[in-house]
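Remarks on the structure that follows.
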Amino acid sequence: MSELEIKRLPDAELEIMKELWAASAPLTRAQLEERLARRRWASTTLLALLGRLEAKGYVAREKQGKGYLYAAALAREDYLPVESRSALERMFGGSAKNLIAAMAQTKDLSKEDIDELAAYLEELKAGGR
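Just so we're aligned: 7 in numbering that gives the first Met the number 0 is position 8 of the sequence shown, and the numbers increase by one with no gaps anywhere.
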């Protein structure tokens with residue numbers, strides 16, 4: 000999926016992708032409905048969302064009997080940077096420092112978290128990724 004321009008997904012489509020990424024094998028529509036029962040979507044809604052995701056190239060569909068199996072065609076690892084950049088822009092003006100400052104102000108960072116971040120930043124400075 001390297002030629003695909005990856006864009007941020009609407010929340011409903013992202014919910015479907017999260018279930019497909021979490022699955023160990025492709026899922027049927029019924030299995031997806033069960034996993035997404037909390038959303039209380041009609042079958043037609045789920046099928047419409049799956050159709051959109053397939054048209055975008057994010058989901059692959061394979062015929063099985065009278066139905067289809069659905070699997071993520073886009074790896075979670077390829078999508079995460081898009082979601083991260085979007086959240087950083089929307090919530091923190093594109094500033095990673097503002098994100099960390101907000102976490103520190105709410106006391107969500109432990110000393111271990113800070114040490115881990117510092118080590119990671121040093122690794123990035125040294126050219127490692």
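All C-beta atoms in this analysis are idealised placements derived from N, C-alpha and C, irrespective of residue type, glycine included. These figures come from a predicted structure and were not determined experimentally.
Assignment of Arg60 by DSSP, reduced to helix, strand and coil, places it in the strand class. Shown here for Arg60: same chain residues with a beta carbon closer than 6 Å to its own, the five before and five after excluded, namely Glu53, Tyr67, Tyr69 in chain order.
Per DSSP, the unbroken alpha helix (DSSP H) holding Ala47 starts and ends at 42 to 55. Lys55 and Pro80 have their alpha carbons spaced roughly 18 Å apart.
Leu68 sits in a strand when the DSSP states are folded into three classes. In the displayed model, Leu35 falls within coil according to three-state DSSP, outside both helix and strand.
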